[in-house]
Amino acid sequence: MTPGAEQKPFVVDATGQSLSYRELCARLAADQSFRPVCHARGAAEIFYQVALALSRGRRLLLVDPELKPHELEQLGLDRDAPVEQLASMPIADVAALVEHCRTSEGFELELLTSGSTGLPKRVVHRLAGLTRFLRTSPRHRDDVWGLCYNPTHIAGVQVFLQAFLNANAMIDLFGQSPATIQQRIVGHGVTHLSATPTFYRLLLADVREPLPQVRAITLGGEASDPALHARLREVFPNARITNLYASTEAGTLFASDGDTFFPAEGIAKLIAIEQGTLRLHRSLLGEFHGATDASEWYDTGDKVEIVTTEPLRFRFVGRDRDWINLGGEKVNPQEVEAQLLQFPGVTAARVFGRKNSVVGQILCAEVVATGVREETALRDFLAARLHAIKVPRLISFVSALPSSRTGKLLRS
Amino acid sequence: MSDRLEIIRAAINRVRQHKYLPALVAVTAETRLREDAGLDSMDLAEFTVVLEMETGVDVFADSAVRTVGEVQMKLERGKCT
Chain A
235 MTPGAEQKPF VVDATGQSLS YRELCARLAA DQSFRPVCHA RGAAEIFYQV
285 ALALSRGRRL LLVDPELKPH ELEQLGLDRD APVEQLASMP IADVAALVEH
335 CRTSEGFELE LLTSGSTGLP KRVVHRLAGL TRFLRTSPRH RDDVWGLCYN
385 PTHIAGVQVF LQAFLNANAM IDLFGQSPAT IQQRIVGHGV THLSATPTFY
435 RLLLADVREP LPQVRAITLG GEASDPALHA RLREVFPNAR ITNLYASTEA
485 GTLFASDGDT FFPAEGIAKL IAIEQGTLRL HRSLLGEFHG ATDASEWYDT
535 GDKVEIVTTE PLRFRFVGRD RDWINLGGEK VNPQEVEAQL LQFPGVTAAR
585 VFGRKNSVVG QILCAEVVAT GVREETALRD FLAARLHAIK VPRLISFVSA
635 LPSSRTGKLL RS
Chain B
149 MSDRLEIIRA AINRVRQHKY LPALVAVTAE TRLREDAGLD SMDLAEFTVV
199 LEMETGVDVF ADSAVRTVGE VQMKLERGKC T
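Residue numbers (my numbering), protein chains in the order written: chain A, 235 to 646; chain B, 149 to 229.
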C-alpha cells in the first residue's frame, strides 16, 4: 500500500464529508457494539456497518430505510434486534484491514427482495457469492468509485466490496441530480462508475461535455441497448464498458462487453438453459429464509438465446415474469394490487408499467371502485403502507379491467 | 401561447400535489423543471406522461427539456411519438 492510502477518503457523502481510511481503521478497531440489523441512511453509514461486519465476521441484515412499517412487519423486522457486544480489535494499518476483510469467514450479508408471491423475502450471502467478478490488485490502487446504486441492494453492495477491498475512495452519487453528479465526478476524480441504464440516460440527457477521466463503466439492473452504449462512448471516450447481470438471489453471475453474456469463471456448469429460459443451480443462490421450494434448479424467469455453447455465451431476450423494472428497482404488480384491493370500495385493480422517454417505465394503476373517485386518499393509503417506488404515479378510475381469453388479468 | 403555459403549469402541479407540495401559482418560460418546479427524475417521467396524455406530444422524445420554455417549444412543434 502506498503512502497516502491512509489519507484517502472512505465514502464521501452528499455534503462532501468523509472518514479517511486511517480514521475508518481507528473507528472499526475501537467499536464495541454491533447492530445485526442495519436501518441506517446513506452509503457512508451503511457501508461502515458492512465494513464492521466484515472485520468481525458477523452476519448483517441491510434494510432499505424507505421501507414502511407495514412492510417491515411482514418481514418480521418491526422489533429492534438486540445489539451485540464486540471486543476491540487491533488493526495495524489499512493494508492489514483490507487483507483481513478479504478473507472474512463468518461474514454473512442478508438482503431483502420481493418474492415471487409478492411477499418480500430475505436472502443470505457469504463473501464468495458476492465477489465472483471482484478483482483486487495493485492495478486498482488508485480507482475512485462513483456509488450510483441503492446501498442496501445487491448492486450497491457489490460496488462497495470492489472498492473497499482495494481501499479505494467512494463518492456517493445515489439520488442526486444529474448536474450535481457531473460536478462530483469531475471534482472528486471519479474513474469508475457502475449504474443502471436509467441512471446513465438521465446523466447523458444533462451532460455538457465529455468526461475523459472515467476509465470503466458497468451497467446492470435493466436491459441496455446499443444506442445507449454509443452515447456512452461519446461522453466517456476512455472508458471500457461492461454489462453485468446480477440478482439479489445470486449476486453477479454474468458479464458482457456487448449484448452477449458469458458466465463468471467456474460457474458455467451451474447454469442451465431449458426452453429458452435461464435456470441457476441452487448452489449459486444465497440462502432463503423459509424456502419452501426445494428444487435443484431455480427458474430466473429470464428468456435467453444461446449464441455459442463452448464456451457458453448467450443473449437476454426478455422476461417471463410480470415484474416491472423501474430504473433497476423491480416491483411486483401483484403486491401493489393486493394493497389497492384493501382500500374500501375498490373491487378490482391492475398495476402496470408505462414506457416513457425519461426513466424507462413509470408505475400506473387502473382501479375499479364504487364510491371512490378521489385519487388522493387512495394514494395516501398506499404511501403509508408501501415503499414510495411501489406507489403508482398515475391512477385512473375505470369501469372494467381487460382480461385475456383465459380470464387472466392482462398487464401489458 | 398562454394556454400552453397553463397546460404545463397544471401538469407540474399535478405532480407536485402527489408529493404533497403546494401548487405553483405561476410559471414562466424561464422556470426550470428541476430547480424551480422541484421535479426529480421520476417526477419528470410522470410530468412527461401526463403532458403526452393531454397533448399527444412526448416532450422528452429526442432530447431532455430543462425549462418550461423548452417544453412550450416542443408542444408547439407538436412532435408526436
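Ideal Cβ placement from N, Cα and C applies to all residues, glycine included.
This one's a predicted model, so the numbers in the text were calculated from it and none came from an experiment.
Chain A contact residues for residue i, given Cβ-Cβ distances below 7 Å
i, result
"Leu192(B)", "Val592"
"Arg182(B)", "Ser411"
"Val197(B)", "Arg588, Asn590, Ile596 and Leu628"
"Ala212(B)", "Ala439 and Asp440"
Sheet register partners of residue i (DSSP bridge)
i, result
"Glu563(A)", "Leu560(A)"
"Met404(A)", "Val245(A) and Trp379(A)"
"Cys259(A)", "Answer is none; Cys259(A) lacks a bridge partner."
"Gly587(A)", "Leu597(A)"
"Tyr282(A)", "DSSP output for Tyr282(A) lists no bridge partner at all."
"Tyr532(A)", "Leu514(A)"
"Ile540(A)", "Phe548(A)"
"Glu202(B)", "Glu202(B) is not bridged to any residue."
"Arg653(A)", "Residue numbering for chain A in the displayed model covers 235 to 646; residue 653(A) lies beyond these limits and cannot be assessed."
"Glu521(A)", "Val358(A)"
"Ala429(A)", "Leu453(A)"
"Thr486(A)", "Ala480(A)"
"Ala706(A)", "Outside the displayed range of chain A (235 to 646) lies residue 706(A), so it cannot be described from this structure."
"Val580(A)", "Ala603(A)"
"Gln319(A)", "Ser267(A)"
"Leu306(A)", "Per DSSP, none; premise fails for Leu306(A)."
Neighbouring residues, chain A, relative to residue i (Cβ below 8 Å)
i, result
"Thr203(B)", "Within 8 Å Cβ-Cβ: nothing; Thr203(B) doesn't reach chain A, min ~14 Å."
"Asp206(B)", "Asn590 and Ser591"
Residue from the options with nearest C-alpha to residue i
i, options, result
"Leu647(A)", "Lys589(A), Ala634(A), Arg588(A) and Leu575(A)", "Nothing can be reported for residue 647(A): it is not among the residues displayed for chain A, which extend from 235 to 646."
"Leu399(A)", "Leu295(A), Thr430(A) and Phe367(A)", "Phe367(A)"
"His422(A)", "Phe433(A), Leu381(A) and Thr432(A)", "Leu381(A)"
"Val592(A)", "Tyr434(A), Glu344(A) and Tyr383(A)", "Tyr434(A)"
"Leu331(A)", "Leu295(A), Leu306(A), Leu286(A) and Leu346(A)", "Leu286(A)"
"Phe394(A)", "Val420(A), Lys537(A) and Leu361(A)", "Leu361(A)"
"Ala572(A)", "Glu305(A), Gly363(A) and Arg256(A)", "Glu305(A)"
"Ser338(A)", "Glu499(A), Arg369(A) and Arg292(A)", "Arg292(A)"
"Val565(A)", "Thr542(A), Ala582(A) and Leu597(A)", "Leu597(A)"
"Ala326(A)", "Tyr255(A), Arg375(A), Lys302(A) and Tyr282(A)", "Tyr255(A)"
"Ala506(A)", "Phe631(A), Val538(A), Gly520(A) and Ser490(A)", "Val538(A)"
"Gln308(A)", "Val284(A), His273(A), Leu346(A) and Glu333(A)", "Leu346(A)"
"Asn402(A)", "Val420(A), Phe408(A) and Asp377(A)", "Asp377(A)"
"Ala617(A)", "His374(A), Leu301(A) and Phe244(A)", "Leu301(A)"
"Arg369(A)", "Val357(A), Gln392(A), Ile388(A) and Gln251(A)", "Gln392(A)"
Residue i versus residue j - alpha carbon distance
i, j, result
"Ala622(A)", "Ser411(A)", "18 Å"
"Thr176(B)", "Arg225(B)", "19 Å"
"Val424(A)", "Ala329(A)", "22 Å"
"Lys355(A)", "Leu311(A)", "12 Å"
"Thr430(A)", "Lys624(A)", "18 Å"
"Lys227(B)", "Arg180(B)", "Note that Lys227(B) scores a pLDDT of 49, beneath 50, so its modelled location is shaky; the value from the coordinates is reported in the next line. If I take the Cα positions, the gap works out to 21 Å."
"Ala277(A)", "Leu427(A)", "15 Å"
"Thr215(B)", "Glu183(B)", "10 Å"
"Phe707(A)", "Cys335(A)", "Since the displayed chain A opens at 235 and closes at 646, residue 707(A) lies outside it and no answer follows."
"Trp531(A)", "Ala450(A)", "34 Å"
"Gly485(A)", "Arg162(B)", "39 Å"
"Thr229(B)", "Lys589(A)", "Interpretation of Thr229(B) is limited by its pLDDT of 45, a score under 50 that renders its predicted location unreliable; no figure is taken from the coordinates."
"Leu169(B)", "Met404(A)", "33 Å"
"Arg549(A)", "Glu154(B)", "47 Å"
"Gly186(B)", "Asn384(A)", "22 Å"
"Cys259(A)", "Lys242(A)", "12 Å"
"Gly500(A)", "Gly340(A)", "23 Å"
"Phe586(A)", "Val246(A)", "37 Å"
"Ala397(A)", "Asn477(A)", "18 Å"
"Val541(A)", "Arg547(A)", "5 Å"
"Gly363(A)", "Phe195(B)", "41 Å"
"Gly390(A)", "Phe281(A)", "10 Å"
"His166(B)", "Thr494(A)", "41 Å"
"Val219(B)", "Asp191(B)", "15 Å"
"Arg418(A)", "Trp379(A)", "11 Å"
"Leu262(A)", "Glu443(A)", "40 Å"
"Val448(A)", "Pro471(A)", "8 Å"
"Ala274(A)", "Glu344(A)", "15 Å"
Neighbouring residues, chain B, relative to residue i (Cβ below 7 Å)
i, result
"Leu436(A)", "Ser189"
Proximal residues of chain B, C-beta to C-beta of residue i below 9 Å
i, result
"Arg613(A)", "His166"
Where residue i meets chain A, residues with beta-carbon distance less than 9 Å
i, result
"Ile209(B)", "First, the amino acid is wrong: residue 209(B) is Ala here, not Ile. Neighbours of Ala209(B) on chain A, chain order: Ser591."
Inter-stretch contact (C-beta, 8 Å, three-pair minimum) for the region 315 to 331 of chain A and the region 251 to 269 of chain A: Touching, yes, given that three or more Cβ pairs across the two stretches are closer than 8 Å.
Inter-stretch contact at 8 Å, needing at least 3 Cβ pairs: the region 433 to 452 of chain A / the region 566 to 580 of chain A: Touching, no, given that fewer than three Cβ pairs across the two stretches are closer than 8 Å.
Touch test, the region 192 to 211 of chain B against the region 453 to 472 of chain A, Cβ-Cβ under 8 Å, three pairs minimum: Verdict: no, contact absent.
Inter-stretch contact (C-beta, 8 Å, three-pair minimum) for the region 450 to 458 of chain A and the region 558 to 575 of chain A: Put simply, the region 450 to 458 of chain A touches the region 558 to 575 of chain A. At least three CB pairs are less than 8 Å apart.
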